[in-house]
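Down below is the structure, laid out as structure tokens.
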Amino acid sequence: SWTVLVTDEIEVEGSSLRHAEAVVAKAGAGTWVPCDPQGAMQGHAGRGSANSTDAGEFQRAGLVTYPANGYEGVGSARHARQINRGDSINVLHRLQAAGRFFVHERCEGLIDAFTNDKHTKGGGGSASDRRSGFSDAARYGCWPVFRHLVSPSSSIET
């Protein structure tokens, strides 16, 4: 059985491209970086341009990335498949309960996010919401490999 070991974290303010460049500098080109479903949508602030996506910026920087739950649909109807927040949190809880999820003490952002995570509607306002990127990254990273712990087996189209 697989175990998750988080040994480091990267926190960057600014655009997705700046974040991608920081990941490449620390982990190297070719590193796999799952993104949230919204990260594969065009036109969000901070992503470079109206036609840009987080996934596109990360790919341009040399990273391997796609939405953590893959895509659904075909042609112009193809879009990132959403992840149920409760299910992805339950994946983390099950890994932790089974002693299969470990976080190095230097990962202060992730530890803080796990310790103080409180979901608030509308997001962005509370200290917890501002730190949620760390716990979101853990959810998106674990979901493709461990989603079978909470949902029926199905393929992820990349």
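For the numbering used here, add 11 to where a residue sits in the sequence shown, where the first one is 1. Where is the CB? At the ideal position from N, CA and C, for every residue including glycine.
Strand pairing of residue i, partner residues [DSSP]
i	result
residue 43	75
residue 16	113
Three-way DSSP call (helix, strand, coil) for residue i in this model
i	result
residue 25	coil
residue 143	helix
Span of the alpha helix (DSSP H) around residue i
i	result
residue 158	No alpha helix (DSSP H) contains residue 158, which DSSP labels as neither H nor E.
residue 107	96 to 108
residue 120	119 to 127
Of the listed residues the options, nearest to residue i (C-alpha basis)
i	options	result
residue 47	143, 121, 112, 114	143
residue 50	76, 158, 103, 101	76
residue 106	74, 85, 156, 115	156
residue 109	84, 160, 20	160
residue 78	88, 85, 87, 64	64
residue 70	116, 31, 94, 25	31
residue 26	39, 66, 42, 116	66
residue 103	124, 41, 87	124
Within-9 Å CB hit, residue i to chain D
i	result
residue 76	Of the chains in the structure shown, none is chain D; there is only one protein chain.
Within 9 Å, strictly: CB atoms of residue i and residue j
i	j	result
residue 99	residue 13	no
residue 16	residue 145	no
residue 96	residue 150	yes
residue 34	residue 72	yes
residue 101	residue 92	no
residue 148	residue 68	no
residue 115	residue 18	yes
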